[in-house]
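Quick mapping for you: the protein sequence lines, in order, are chains A and B.
Take the first sequence: its position 27, counting from 1, is numbered 26 in numbering that gives the first Met the number 0, and each next residue is one higher.
Take the second sequence: its position 11, counting from 1, is numbered 10 in numbering that gives the first Met the number 0, and each next residue is one higher.
Note that CB positions come from ideal geometry on N, CA and C, so glycine has one too.
Number of protein chains: 2
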Amino acid sequence: MEIRSFNPPVRTLMGPGPSDVHPRILEAISRPTIGHLDPLFVGMMEEVKKLLQYAFQTDNTLTMPVSAPGSAGMETCFANLVEPGDKVIVCQNGVFGGRMKENVERCGGVAVMVEDEWGTAVDPQKLEDALKANPDSKLVAFVHAETSTGAQSDAKTLVGLAHKYNCLTIVDAVTSLGGTPLKVDVWGIDAIYSGTQKCLSCTPGISPVSFNEHAQEKIRNRKTKVQSWFMDLNLVMGYWGSGAKRSYHHTAPVNALYALHEALLMLREEGLENAWNRHLRNHQALKAGLEAMGLSFIVPEADRLPQLNAVSIPQGVDDALVRGRLLNEYNLEIGAGLGALAGKVWRIGLMGHASRPENILLCVAALEAVLSDLGADIRTGVALSAVQKELGPRS
Amino acid sequence: MEIRSFNPPVRTLMGPGPSDVHPRILEAISRPTIGHLDPLFVGMMEEVKKLLQYAFQTDNTLTMPVSAPGSAGMETCFANLVEPGDKVIVCQNGVFGGRMKENVERCGGVAVMVEDEWGTAVDPQKLEDALKANPDSKLVAFVHAETSTGAQSDAKTLVGLAHKYNCLTIVDAVTSLGGTPLKVDVWGIDAIYSGTQKCLSCTPGISPVSFNEHAQEKIRNRKTKVQSWFMDLNLVMGYWGSGAKRSYHHTAPVNALYALHEALLMLREEGLENAWNRHLRNHQALKAGLEAMGLSFIVPEADRLPQLNAVSIPQGVDDALVRGRLLNEYNLEIGAGLGALAGKVWRIGLMGHASRPENILLCVAALEAVLSDLGADIRTGVALSAVQKELGPRS
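Laid out in structure tokens, this is it:
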């Protein structure tokens, strides 16, 4: 097997993540590696924590990046907060709610499922019914931004309901952080996890998490040890905690954290509200183009995530063929459907650095060209001007 | 808090890891991010697996990088192979054997400890005694290269004993992979994990693992689910397995894997045996210099790891002060002692790209300068020539 250095092509990443990584971040990740206990690195860790507090809009002291992808961030929340026998209400309206159920059960908890149709938001009424029917519940878990469908749930309301029935909350913000309003402290979210490779536009592999005082208290008062050594926050905090004395836990992914530091700095430079507005504006432009072509969104307008656009694949069109042609002919990646939606939808991401007018124009133009070449039943010649109109003057 | 882009200094990394990262690897990690399901990325994943098989000297099909640091690689082995109630013999001769015990217990297993003095190799006789006394044991776990002490154990003999008593083996090769002879198939190791930031000289954050058929069979025949969703090999293999159809599990750390691909390619270019010999040669030169200065190794010569040199701190010398001066005045990082050895030893790494004559000369010269400036009881003026003599002609 002849193996040479791997030189990836330059793709435009408009799938469900990773999103386009800004050159500043790619440059940051290649800076010289220093020791993970080097005082300068420790200083940078403190800055990463501060910047994450800003991104999450929280003062939580326990705010840090888990040294592994989002699914490990998810597991960090469940492994630390769920004790054997704990009843956890899990709201499922897509793939990731199902993964939460797996997490609850593998931690020895009992999952009570609240199911909503894929592509819709979590119904607060159903959650309240479940809370009433299960007064011994300890936790409520839900996905703020369902990456598998593009539906956004009303996190503030769901957290309020959970608290009304004395439950703590675990919120999946993998796709929402940096892309759509998310206010950890104002909404009272107890535990939250995200990923670097979505609206932060950072390289994939790290999972920011945050825990408020209530969550920390539950962790401190556990009757049993956290089943994962790697994810045990009591140990991780000895390393990420403040104070001069840090105890070694694991070797931090030094360069990946350079990248995250730079990505978070860019978010702060832009300003959270500006980033949220940009994601919304660009979504409107993409939507105008796709709808002009005749494609339709699967999520009701009020629940749509601006950064993750799930549209139905036109009848008779071969999903994989279209995605393959976009990739090979235009270096453009869009996402396939996941789980029950596989083969039925495309997921078009406008996340972080990928949420730009240039990308929207490329995507709409390429999709129109490929679909019309395949004889799909779409309107041609109108999408790009619809996008331009929505984008407005570029001066 | 004023936060700017983080520009690390250029350090020479001669601690217990991360080691110096070669510029080729830093360049590779900054290449454009592509999708984790992109056919070109999937092709690269296959190459990473092949290159890891070479590094581990194995044909194991289940050979891949875990998307998290070495301690997650450790946990992947234990979480998949230990079922509740399983008795596991853990040989401890340093910090990491203690972490293995934690892992066994958190997986619901029963750990039987075989203790050896820190700084010595695991005693095969003690292991055999424990195996005889515990005929119901399922697994034997030990550390091949104890990063906390610099002692190397006879993995081949220990694995042979475990098999004689029908136990599978879990081997920690975090510090040995690429630095000292390690032959997974010839020695019959059943499950093994390593790290990227030691003798592979790659950026930290990824953990290569490998499982043979016996280990895979035990995993397939588990009566209980693996307690970690993120680390469940039955799921991870759906993503890393061969074949055209890959199922999404988590988002791979794309850029970190570019780096690992390049690091493994460099190891193959050099050749494993050449790398092992280089580590040994450079160890001899460092040793000549340190001993000429009057410093002494804590590990008996026969058990010494060439890539991790633990020496006693001379009496009356302030550990942290010396390491701080080396870092601030020479941009040189050496390691502190861990656990019971904290404050008593320095750990000087000669790992991967850091295992070079230039580094040895810098380290010996800087250490001599700082120690003599502090009035430590060492011999001066002889160490560098001892190093040069050992290195031989440089032409």
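Residue span of the alpha helix (DSSP H) that contains residue i, given as start and end
i	result
B/Q387	A382 to L390
A/P38	P38 to F55
A/V253	V253 to E269
B/V94	V94 to R105
B/K125	P123 to A132
A/A27	P22 to I28
B/G237	L232 to W239
Secondary structure of residue i, DSSP reduced to three states
i	result
A/F210	strand
A/N308	strand
A/E332	strand
A/W186	helix
B/R393	coil
A/F77	helix
B/V344	strand
B/V313	Reading off the sequence, residue 313 of chain B comes out as Pro, not Val. Note: B/P313 maps to coil in three-state DSSP.
A/L320	helix
B/L12	strand
B/A67	coil
B/Q151	strand
A/E1	coil
B/L61	strand
A/V158	helix
B/A274	helix
A/R280	helix
A/R303	strand
Residue i: first and last residue of the uninterrupted beta strand (DSSP E) it sits in
i	result
B/F141	S136 to V142
B/Y192	A190 to Y192
B/P356	Looking at the DSSP string, B/P356 is not in any beta strand (DSSP E); the run it does join, the alpha helix (DSSP H), is P356 to D372.
B/D171	L167 to D171
A/Q91	K86 to Q91
A/E82	Per DSSP, A/E82 belongs to no beta strand (DSSP E) and is neither H nor E.
B/A110	V109 to E114
Candidates the options: closest to residue i by CA position
i	options	result
A/A274	A/P64, A/G323 and A/K197	A/K197
A/E26	B/E268, B/L130 and B/N254	B/N254
B/L360	B/T11, B/R3 and B/N6	B/T11
A/V41	A/L289, A/S246, A/L266 and A/E269	A/S246
B/P15	B/L383, B/K343, B/A301 and B/A309	B/A309
A/R303	A/G391, A/A382, A/P356 and A/P180	A/P180
B/G315	B/I297, B/G342, B/Q306 and B/S295	B/G342
A/R277	A/L390, A/W228 and A/C166	A/L390
A/G178	A/P356, A/S384, A/E1 and A/G351	A/G351
A/T32	B/I28, B/G34 and B/L289	B/I28
B/P7	A/M43, A/A287, A/I297 and A/A385	A/M43
A/R393	A/E357, A/A382, A/E367 and A/V363	A/E357
B/I347	B/S295, B/E74, B/N211 and B/F229	B/S295
A/G96	A/E82, A/T146 and A/Y53	A/T146
Residue environment, residue i, which counts as buried when at least 16 other CB atoms sit within 10 Å
i	result
B/D85	buried
A/Q226	buried
A/T168	buried
B/R3	exposed
B/P250	For clarity, residue 250 of chain B is Thr in the given sequence; the question names Pro instead. With 16 or more other Cβ atoms within 10 Å, it is buried.
B/Q151	buried
B/D317	exposed
B/V87	buried
B/K222	exposed
A/A445	An answer regarding residue 445 of chain A cannot be provided, because it is not within the stretch 0 to 394 covered by chain A.
B/K388	exposed
A/D189	buried
B/T379	exposed
B/G118	buried
A/D58	exposed
A/E328	exposed
>> Across the stretch 201-215 of chain A and the stretch 61-71 of chain A, are there enough close Cβ pairs to call them in contact, namely three or more that are closer than 8 Å?
In response: yes
>> Contact between the stretch 315-322 of chain A and the stretch 332-345 of chain A is defined here as three or more beta-carbon pairs at a separation below 8 Å; is this criterion met?
In response: yes
>> Assess contact between the stretch 135-145 of chain B and the stretch 156-171 of chain B, defined as three or more Cβ pairs (one per stretch) separated by less than 8 Å. Is contact present?
In response: yes
> Are at least three pairs of beta-carbons, each pair with one atom in the stretch 253-268 of chain A and one in the stretch 107-126 of chain A, less than 8 Å apart?
Replying inline: no
> Should the stretch 50-68 of chain A be regarded as contacting the stretch 121-132 of chain A, the criterion being three or more beta carbon pairs within less than 8 Å?
Replying inline: no
> Touch check for the stretch 368-376 of chain B and the stretch 334-347 of chain B: three-plus C-beta pairs under 8 Å?
Replying inline: no
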